[in-house]
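Under our numbering, the sequence shown has 52 at position 37, and the numbering climbs by one with no breaks.
Yeah, the Cβ is synthetic: ideal placement off N, Cα and C, and Gly gets one too.
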Amino acid sequence: MGVNIFEAALIPSVCFFVILSWQTYELIKVGKTRGLFKKVGEGWVEQMYLSGQGAVNTTRDYIRVSIFFANTAILIAGLAAGFAGSQQTTCEGEAEGCTDEDKLLFVKIGVLVGCMLAIFFIFTQCTRFMNHFSFMINTRYVDGIELPKTLIATYFIHSHRFYSVGIRMYFLTIPIFAWIFGQWVLVGVTPLYLLLIHSLESSKFMDNELQSFEQSIADYKSNLKVEEQKGETASENVATKTA
């Protein structure tokens, strides 16, 4: 029995187009949750700068997690590729050779392997940058010039982007595995997956606390601006009296 081209190609293509478009939109859109943790990352760098072992311990744990995700990805890729190779050897040894269903399965496994290899690369990059960051966080001077905290924070945020993308690509394996079980399973999983990705970026569970925190930041900046204006006015008054 041959493979229905409509079911085998068009349906998965539409599903993955919708999935990738939605996931890209949620990733590009900087919601309250990621906006908060970007500030947390910058604040952590500010507080842990030149703190010695404290910064090293946290960074080391971060690197360990990144390496674990990279190793898991390459392990899954290896197992999937080995399974596909074994299946191909088996079907080629049969009289009728590999059927269309077999070839479609190889395509599905190939997509899974490609996704896992991409995840491996992304977490390897994350590990690489975080290794460099572990030196930066405890370095005061470079060529006699103080290393700016803003530069270190920017480097840390850049490193974390790889981690963030890698985690989201792990989520992408859910529809890929669903597709392996059948295109109609993928169709059923797609709307549930879209809700899952939206909830991943949602901050509803902490809306009240986050709103209060953002208001406190706004009040602090407003008071700081008022104090600066008072200082400028006082300086102008002193200059006028002196003149």
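task: Could you check how far apart the C-beta atoms of F171 and F138 are, in whole angstroms? I think they sit under 8 Å.
output: Position 156 of the sequence shown holds residue 171. Position 123 of the sequence shown holds residue 138. Between F138 and F171 the Cβ distance is about 16 Å, and since that is not below 8 Å, they are no contact.
query: Taking buried to mean at least 16 other C-beta atoms within 10 Å of its own C-beta, is Y178 buried or exposed?
result: Taking the sequence shown and counting its residues from 1, one reaches residue 178 at position 163. With 16 or more Cβ atoms within 10 Å of its Cβ, Y178 is classed as buried.
field: E161, DSSP secondary structure in three states
entry: The residue given as residue 161 occupies position 146 in the sequence shown. It is a strand residue.
- prompt: Closest to K164 by CA distance: which of E22, G56, W194 is it?
  reply: Numbered from 1 along the sequence shown, position 149 holds the residue referred to as residue 164. Comparing Cα positions, the closest option is G56.
Nearest-angstrom Cβ-Cβ length linking I152 and M63, presumed shorter than 8 Å: The residue given as residue 152 occupies position 137 in the sequence shown. The residue given as residue 63 occupies position 48 in the sequence shown. Indeed they touch by this definition, with Cβ atoms about 6 Å apart.
field: Contact under 9 Å by Cβ, L201 with P27
entry: Position 186 of the sequence shown, counting from 1, holds the residue named residue 201. Position 12 of the sequence shown, counting from 1, holds the residue named residue 27. It is a contact, given that the beta carbons lie within the stated cut-off.
query: In whole angstroms, what separates the C-alpha of C113 from that of L120?
result: Counted from its first residue, the sequence shown places residue 113 at position 98. Counted from its first residue, the sequence shown places residue 120 at position 105. Near 11 Å, if we compare the C-alpha coordinates of L120 and C113.
query: Smallest Cα separation from L211: which of L187, A88, D234?
result: Locating residue 211 in the sequence shown gives position 196, where the first residue counts as 1. Comparing Cα-Cα distances from L211 to each of L187, A88, D234, the minimum goes to L187.
query: Which of the three DSSP states, helix, strand or coil, is assigned to Y64?
result: Along the sequence shown, one-based indexing puts residue 64 at 49. It is coil, neither helix nor strand.
- prompt: With 16 other CB atoms within 10 Å as the buried threshold, where does L94 fall?
  reply: As a first step, residue 94 must be located in the sequence shown, where it is residue number 79. It is exposed - the Cβ of L94 has fewer than 16 other Cβ atoms within 10 Å.
query: Does the beta-carbon distance from A99 to G58 come in below 9 Å?
result: As a first step, residue 99 is located in the sequence shown; it is residue number 84 there, counting from the start. As a first step, residue 58 is located in the sequence shown; it is residue number 43 there, counting from the start. No, the Cβ-Cβ distance between A99 and G58 is not below 9 Å.
query: Would you call the CB atoms of L209 and R183 closer than 9 Å?
result: The count along the sequence shown starts at 1 and reaches residue 209 at position 194. The count along the sequence shown starts at 1 and reaches residue 183 at position 168. No, these two residues do not count as a Cβ contact at 9 Å.
field: S237 burial status per 10 Å Cβ neighbour count (16 or more: buried)
entry: One-based indexing of the sequence shown puts residue 237 at position 222. Exposed, because fewer than 16 other Cβ atoms sit within 10 Å of the Cβ of S237.
query: Looking only at C-alpha atoms, which of E161, W37, I134 sits nearest to L65?
result: Numbered from its first residue, the sequence shown carries residue 65 at position 50. The shortest C-alpha separation from L65 is found at E161.
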